[in-house]
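Final position of the sequence shown in UniProt numbering is 120; the numbers increase by one with none missing.
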Amino acid sequence: MSYMDGFVVPVPKENKQAYKDAAAYAAPIFIEHGATRVVECWGDDIKEGKINDFRTCVIAEQNEEVVFSWIEWPSKEARDAGMAKVMADERMKPQEGQDMPFSGARMVYGGFSVLLDERA
């Protein structure tokens with residue numbers, strides 16, 4: 001059964017292209033190490049919640065947008081092995097003087113077992 005890594009992260013609006021470039025750089029590395037799909041979504045229609053919402057869960061500031069993303073793996077075992085390889089991959093190491101285009105400290109991240117997967 002498929003396994004998903006999902007995350008929500010705030011990104012300064014002026015960093016949209018830099019974030020897209022970083023995601024496009026990383027996605028093939030995840031796929032090379034076993035992921036079957038990498039999806040990055042830029043916030044477009046995020047409603048304000050009465051108690052919580054996507055913006056408040058990552059403490060998004062006025063000049064930031066929320067990115068919602070997931071990485072699909074064939075199984076949890078494939079994910080565990082693949083993520084270990086991704087984290088050890090030299091291409092994923094931060095380069096000197098290179099800043100991440102998002103706030104990792106406010107990222108909400110987790111692994112998820114699929115309960116339902118309906119397709120047209």
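Idealized CB from N, CA, C, for every residue including glycine.
Model, not experiment: these values are computed from the prediction.
Two segments are said to touch when three or more pairs of C-beta atoms, one from each, lie closer than 8 Å; by this definition the region 73-89 touches the region 30-39. The beta carbon of CYS57 sits closer than 7 Å to the beta carbons of VAL8 and VAL108 from its chain, once the five residues preceding and following it are set aside; these are given in chain order. By the criterion of a C-beta distance shorter than 6 Å, PHE68 is surrounded in its chain by VAL8 and CYS41, once the five residues flanking it on both sides are discounted. VAL8: member of the beta strand (DSSP E) spanning 3-12, first to last residue. In the three-state reduction of the DSSP assignment, GLY111 falls in the strand class, which pools E and B.
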